[in-house]
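Colleague: Going down the list, the protein sequences come from chains U, E and A.
To convert, note that position 4 of the first sequence is 19 in our numbering; the numbers rise steadily by one, no gaps.
To convert, note that position 115 of the second sequence is 134 in our numbering; the numbers rise steadily by one, no gaps.
To convert, note that position 106 of the third sequence is 297 in our numbering; the numbers rise steadily by one, no gaps.
Please read through the structure below; I'll follow up with questions.
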Amino acid sequence: MAKVVDRHKLTWYEELYLPAIASGLKRTFRQMFQPDITLQYPEERPQIYDDYRGAPGLVRDQDGREKCVSCQLCEYICPPKAIVIVPGEAPEGATYDYSHIEKAPREFFIDMLRCIYCGYCEEICPEQAIFMTGEYELNAGSRQELVHDKKRLYEIGGLRPDPIQKWKGKDDRLDAGGFTDLRKRGAGAEEGE
Amino acid sequence: MSDNLLFIIGTNLAKIILFTHLVLIFAAYMPWVERKVSAWMQDRVGPNRVGYAGLLQPIADALKFIFKEDAIPGHVEKVLFVLAPAMTVIPALLILAVIPFAPPVKVLGESVQMVIADLDTGILFVFAISSLSVYGITFAGWASNNKYSLLGGVRSSAQMISYEVCLGLSVVGIFMAAQTLRLTDIVTLQVDGVWNIFTQPIGALVFIVAAFAETNRLPFDLPEAETELVAGYHTEYGSMKFAMFFAGEYAAMFVFSALVAVLFLGGWDVPFMSNATFAALGNWGVVIGMLSFLTKVCAFLFFYVWVRWTIPRFRFDQLMHLGWKVLLPLALVNVVITGLWNLP
Amino acid sequence: MITLTIDGRQVEVAPGTTILEAARDQLGIEIPHYCYHRDIGIDGNCRICLVEVNGNSAKLAISCKQPCGDKMDVQTASPAVVAARKGVMEFLLINHPLDCTICDQAGECPLQEYSYEYGSGDSRFVERKRNKPKHVEFSDKVMFDGERCILCTRCTRFFETVRECRPIGVENMGGKSTITLGPNGPIADPYQMNIVDICPVGALTSRDFRFKQRVWFMDFADTVCAGCARGCNITAGAYQGKLLRFVPRRNPEVNKSWMCDDGRLSYKDHNLGDARLRGAKIAGEPASIDDALAKLAELVGDGQGVAVLASTKDTCEELLALKTWAASAGVTTLWHGAATWSGDDFLRCEDATPNTAGAKALGYEPVPAQAPALRGLVVAGDVDVPPALLAGLDFLVLQRATETELSAGAVVLLPGRTPLEKKGTWVNVDGLAQDVRPAVEPGPGVPEDWTLWRDLLGESWPSVKSLTLRVRAELGGADGRLVASES
Ligand code: SF4
Ligand code: SF4
Ligand code: SF4
Ligand code: SF4
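See below:
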């Protein structure tokens, strides 16, 4: 049921409005002498907190491995379709357990003119490979410069230690499991171990 | 009074140039003041990059306006669209003609009034001309051929016509008491006597409120309400045309501040000085009087900004209610009271 | 006939029908299954297709193998069934790597789908998952991932039952079981990539399509392979106007669920890129299509000594429009081109073009060995022109998607579409008329081929539909059926 809230009945004094206006004027006048809170931007910098949602960037783990596996879920979730990924095979001879990851982005573009800094990409990433960083100064002389490519994204993202490193050491376990590694057999390089 | 034509032309030209430039400089620096004061009231800094304390900001703004492309949208009514900005600036500057800035000055032994045209119908001239400024805004709104602009224009004409009535009636009391319409005389009377704000408080209140409405300032800036009308009548304007609306608005503010000073705050009067003292001080008296007058104008201009950040915008029906049902009766009552008071 | 109820609805089936088939074909109830495949047969090892028969919730039956019995009462979604499926899913996922992030099957993976329905949100499995060989090259076309394999044996059974060979098999026992290559090394079968399609998970992936694009970003069109006269039904997948893969689409009358590897990889031939001819050319100079057509009409004149050579990759609609124009222009010689590759006794035909039967039915003839002397030749579509025809020509008109070495000698060049951009009808080697639908758009400057002949004729057929109706009428002699194909 609708609840009817009675209006406060104004007294004749309140109805005059002038006292209210006067007190308002007093308030604003006093405010003039309060200290300024403006940040003088290029000289002074704001404090950026850890969960600040600045430009998204790609990260590497402590071994320098690129964590993104180009699953393209961020591309899928990104509301303004800012992300475009060219998926591909991980480069042969990479130092980590290649056969378990196999996939890595060949190219990774984020159009920062489209990005709305929603953070969905960070949230959906199953590999914790993309993060919203503290980077908030995005200036460029052309639109093309604001389409961040893989190189730029790794610059922005930098290193981020991964406590789990779920892919690490999986190949060793494979041999411990008693399977013949067919790749080795194919290469004719079966060594007794 | 001299009969020397050259002298008359010379002094008048000098006055015109002096006063017009005075107003234009005020109009140029008023945005800076407004931004500064607004900033202080909001715990900000305001312009502080261009020159010391941002003092060169108006010049930067002017340069920007001048160098911007003067685009005229394809869908507008060209003639009126171009005419409209001028039609808002010119009335504001015309009113200037009858405003006394200072006590009479002695030039080459002649006494010259510090007013461009010392009309004996001074205040009527003011009302006549100020009514014209509504055309500029209405034309701008209509010529822009844009819903928002049109609404802004329509609102503005309704608002200005309504408040002109109050504006006119509110000063009737003064003339009844002073028995003259000449603005110099009204000032002279106040210099020796009491400021009208004390003898005519109701009239002053109504006049000040109406002045806010006439200049489209908050809380009565409905014609250009950014939040609802995306800047109303000047949505389609850019570069110097927009700057002219801007200048027009600030010139109008200056003029109305000057009117308030002249009509209610004793014009060039300084407390405890009489016409005789001013005369005795000679041309120094003129300088003091002028400074006093400008101080009052500045104070009122500050008040404009101050009110802007204190009172929120009215709704249109509230605006009309206030104008017709509150201010108008008040002004009438004021006339009646003054009449009774001054019964011979 | 046997009468039984499935989920409370009565159905009548022929004796020997399994419950799964009865539910699917008669009621449209999809019973989950991994190891069963209609064109490979029944195995019964995955146990997800369990159903409750006659209220016996203690011993559920596998619907893929259980024949329907008279007056049976089958429940496909009773609590016991759901609980059993949940159990099966949990076991399947115990050692499954949950690689979906890097798995090409993601998005079209029954394991994912049934996980949504019957899987649990988290795992009770605290032990370490088993590691099996990954990234194993079964051949240069197929990659195997042991961890993802759920050992349904569809792949081995495909080779055994469909291809009658055993290049791969199951090795080891119990938890260590895995699919492995046989002693003869990499798979060599020319139909081997079908195991990629039938593998219900991402254990077998196409090395060609691997990591190219996520399927959910792709556009798909149901059409027909242009590789040979068989006309295998396919689903063509494209990303941003570029074809990325073909997969077979089930049509029991043509290709069942299969297609050959060469046909599957033939999508590459249709990605023309910059090689494409856009707009027309007259004597090597770019010209508007209207001007080019006017020039063509002028060249052909009364049609004396002019022949038309049409590609059998063109649709019947195009051939009909071309024929109608030729008749009106006085051209009476209608030839069709030919191309061959190695056929076999399974799907591949010698004839490597999809519409020879259609061209024949519409009155086009093979180029005779002893060709008459010609004044001019109009070549329509992607076809090899026998050099003998070129001798002594006054003019040559080429209409095709790309320029070739012949183009230099052509007076008029007209643009054309690739088979994957066409809409129309092809008649396969068995006389079956099949719908061809465009999978990609060619972009500007390439009108539909049939509109060229229409404009020459001055007709106003609004869409290819009106031509399709005529084609159906003309093909009345040939078997003009259009078989709706299933997926
Ligand atoms: S950043 Fe994360 S979500 Fe995006 S493709 Fe890479 S792994 Fe997937
Ligand atoms: S922050 Fe949001 S908009 Fe920006 S790239 Fe990520 S998902 Fe896209
Ligand atoms: S096979 Fe299916 S469930 Fe397994 S990793 Fe691939 S997509 Fe995921
Ligand atoms: S590789 Fe695929 S088709 Fe073969 S047994 Fe494993 S899951 Fe089944």
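Note that CB positions come from ideal geometry on N, CA and C, so glycine has one too.
(1) Which residues of the stretch 399-415 of chain A have a Cβ closer than 9 angstroms to any Cβ of chain U? Give them in chain order.
(2) If we cut at 8 angstroms on Cβ distances, does U/D196 have a partner in chain A?
(3) Give the single residue among A/A429, A/C419 and A/A488 whose Cα lies nearest to the Cα of A/G454.
(4) Would E/M60 pass as an interface residue toward chain U - the criterion being a Cβ-Cβ separation below 8 angstroms?
(5) For E/S150, which residues from the same chain have a beta carbon less than 7 angstroms from its beta carbon, with the 5 sequence-adjacent residues on both sides left out?
(6) May I ask whether a heavy atom of ligand 4 can be found less than 7 angstroms away from the beta carbon of A/C390?
(7) Using a Cβ-based criterion (distance less than 7 angstroms to any ligand heavy atom), does U/C93 qualify as near ligand 2?
(8) Pull out every residue of the stretch 311-343 of chain A whose Cβ sits closer than 7 angstroms to any Cβ of chain U, in chain order.
(9) Under the three-state reduction of DSSP, which class applies to A/T593: helix, strand or coil?
(10) Along the beta strand (DSSP E) that carries U/K118, what are the first and last residues, could you check?
(11) Note down the Cα distance separating A/D626 from A/D290, rounded to an integer number of angstroms.
(12) In three-state DSSP terms, what is A/N619?
(13) With 8 angstroms as the threshold, decide whether the Cβ of U/P50 is near any Cβ in chain E.
(14) Roughly how many angstroms separate the alpha carbons of A/D295 and A/F402, rounded to a whole number?
(15) Checking the sheet assignment: what are the DSSP bridge partners for A/L604?
(16) Can you find a C-beta in chain U that's less than 8 angstroms from the C-beta of A/I386?
(17) Between U/K166 and chain A, is there a C-beta pair that is closer than 8 angstroms?
(18) Report the neighbours of A/I239 on chain U: residues whose CB is nearer than 7 angstroms to its CB, in chain order.
(19) Tell me, please, whether the CB atom of U/I145 is closer than 8 angstroms to any CB atom in chain E?
(20) Looking at the C-beta of U/L128, does it have a partner C-beta in chain E at a distance below 8 angstroms?
(21) Under 7 angstroms between beta-carbons, which chain U residues line up against E/R63? List them in chain order, please.
(22) I'd like to know whether the C-beta atoms of A/H527 and A/E556 end up nearer to each other than 8 angstroms.
(23) I'd like to confirm the pairing. Which residues does DSSP put opposite U/R75 in its beta bridges?
(24) Any heavy atom of ligand 4 closer than 7 angstroms to the beta-carbon of A/C345?
(25) Going by the C-beta, is A/L342 closer than 7 angstroms to any heavy atom of ligand 4?
(26) Report the start-end ranges of each alpha helix (DSSP H) in the stretch 29-58 of chain U that is 4 residues or longer and not cut off at the edges.
(27) Any idea if E/G155 is buried or exposed, counting beta-carbon neighbours within 10 angstroms, 16 or more meaning buried?
(28) Who are the near neighbours of A/A231 in its chain, counting only those whose CB is closer than 8 angstroms to its CB and skipping five residues on each side?
(29) I'd like to know if U/C133 contacts chain A, where contact means its C-beta is closer than 8 angstroms to some C-beta of that chain.
(30) Are at least three pairs of beta-carbons, each pair with one atom in the stretch 551-570 of chain A and one in the stretch 586-597 of chain A, less than 8 angstroms apart?
(31) Give the interface partners of U/G103 over in chain A, defined as CB-CB distance under 8 angstroms, in chain order.
(32) If contacts are defined as beta-carbon pairs under 8 angstroms, then E/V281 and E/I205 qualify, I think. What distance do you get, rounded to the angstrom?
(33) I need the DSSP call for A/R663, collapsed to helix, strand or coil.
(34) Go through its chain and collect everything with a Cβ distance to A/G393's Cβ below 6 angstroms, but skip five positions before and after it.
(35) Which residues in chain E sit within 7 angstroms of U/T43, going by Cβ to Cβ distance?
(36) Do you know how far the Cα of A/D573 is from the Cα of A/K188?
Modeller: Reading from the atomic positions:
(1) Within the stretch 399-415 of chain A, the residues whose Cβ lies closer than 9 angstroms to any Cβ of chain U are, in chain order, R401, F402, K403, Q404, R405, W407 and F408.
(2) Bear in mind that a pLDDT of 49 at U/D196, under 50, signals an unreliable position, so the model cannot answer this.
(3) Nearest C-alpha to A/G454: A/C419.
(4) So, interface residue.
(5) E183, listed in sequence order.
(6) For A/C390, the shortest C-beta to heavy atom distance toward ligand 4 is below 7 angstroms.
(7) Yes - ligand 2 has a heavy atom lying nearer than 7 angstroms to the Cβ of U/C93.
(8) Under the 7 angstroms Cβ criterion, the stretch 311-343 of chain A contributes R321, N322, K323, P324, K325, H326, V327 and E328.
(9) Note: A/T593 maps to strand in three-state DSSP.
(10) K118 to D126 is the extent of the beta strand (DSSP E) around U/K118.
(11) Approximately 38 angstroms, taken between the alpha carbons.
(12) Per DSSP, reduced to three states, the secondary structure at A/N619 is coil, with no helix or strand assignment.
(13) For U/P50, a Cβ of chain E is located within less than 8 angstroms of the residue's own Cβ.
(14) Straight-line Cα distance between these residues: approximately 6 angstroms.
(15) A/L604 pairs with A/K472 and A/L589.
(16) Chain U, which has no Cβ nearer than 8 angstroms to the Cβ of A/I386, makes this no.
(17) Judged by the 8 angstroms Cβ criterion, U/K166 is not in contact with chain A.
(18) Within chain U, no residue comes near A/I239; the closest Cβ sits about 25 angstroms away, beyond 7 angstroms.
(19) For U/I145, not one C-beta of chain E is nearer than 8 angstroms to its own C-beta.
(20) Among the CB atoms of chain E, none fall inside 8 angstroms of the CB of U/L128.
(21) The answer, in chain order, is D51 and T53.
(22) Cβ atoms of A/H527 and A/E556: closer than 8 angstroms.
(23) Its beta-bridge partners are U/E81 and U/L174.
(24) In the sequence as presented, Cys is not what sits at residue 345 of chain A; that position holds Arg. Yes - ligand 4 has a heavy atom lying nearer than 7 angstroms to the Cβ of A/R345.
(25) True, at least one ligand heavy atom lies under 7 angstroms from that Cβ.
(26) 33-46, all fully within the stretch 29-58 of chain U.
(27) By the 10 Å Cβ count, E/G155 comes out buried.
(28) According to the sequence as given, residue 231 of chain A is Ile; it is not Ala. Within the same chain, A/I231 has close Cβ partners R345, R348, F349, T352, V353 and I389.
(29) It does not; no Cβ of chain A falls within 8 angstroms.
(30) Touching, yes.
(31) Within 8 angstroms Cβ-Cβ: F402.
(32) At roughly 7 angstroms, the Cβ-Cβ gap stays under 8 angstroms, so E/V281 and E/I205 are in contact.
(33) Note: A/R663 maps to helix in three-state DSSP.
(34) Excluding five sequence positions before and after A/G393, the CB atoms of its chain that fall closer than 6 angstroms to its own CB belong to C294, D295, Q296 and R339, given in chain order.
(35) Identification of chain E residues near U/T43 by a Cβ-Cβ cut-off of 7 angstroms yields M60, W325, W328 and T329, ordered along the chain.
(36) In this structure chain A extends from 192 to 678, so residue 188 of chain A is not present and cannot be described.
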